[in-house]
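Residue numbers (the numbering used here): 1114 to 1257.
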């Protein structure tokens, strides 16, 4: 397991033709940084992987994890009087690739927001594309 961690750590600092993973960690906090990493999604395997890991991590770990923790901590006052409240309708068949394409389209359509934090733009893009509460989709996740 230690060798795997070392390989991953070294891999993060191997430069590519455009940038390195180290740059992603520092520049991807804004919409502009997210677009630098994900704007050409589907054209470069390394950049695609970094984009998927970063975006998936924000969605699953940061945003949904935060909301679930907040819900658990305030069990007597659930979000919007709904214990499963999320900022978008997350269904089981949605993929990280689908989320990336939705976010990319949103940022391309709203360039005036490039300076804003990527996490805010991700929330806005997904909430517009997949409004909550879920309407007759049948396979929404329970939020648990």
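Ideal Cβ positions, reconstructed from N, Cα and C, are used throughout, including at glycine.
May I have the straight-line CA-CA distance separating residue 1191 from residue 1144, to the nearest angstrom?
Unreliable placement is indicated for residue 1191, whose pLDDT of 49 sits below 50; the coordinate value is still reported in the next sentence. One alpha carbon belongs to residue 1191, the other to residue 1144, and they sit about 31 Å apart.
Residues near residue 1209 by beta carbon distance below 7 Å, same chain, minus five either side
1165, 1168 and 1169.
Pick helix, strand or coil for residue 1248, following the three-state DSSP scheme.
Judged by DSSP in its simplified three-state form, residue 1248 adopts coil rather than helix or strand.
Give me the residue from 1154, 1223, 1207 and 1153 with the minimum Cα distance to residue 1243.
Nearest in C-alpha terms to residue 1243, of all of 1154, 1223, 1207 and 1153, is 1207.
CA-CA distance, residue 1142 and residue 1201?
Our two residues, residue 1142 and residue 1201, have alpha carbons roughly 21 Å apart in a direct line.
Would you check if the distance between the CB atom of residue 1220 and the CB atom of residue 1148 is smaller than 9 Å?
The beta carbons of residue 1220 and residue 1148 sit closer together than 9 Å.
According to DSSP, residue 1143 sits in a beta bridge with which residue or residues?
Answer is 1230, bridged to residue 1143.
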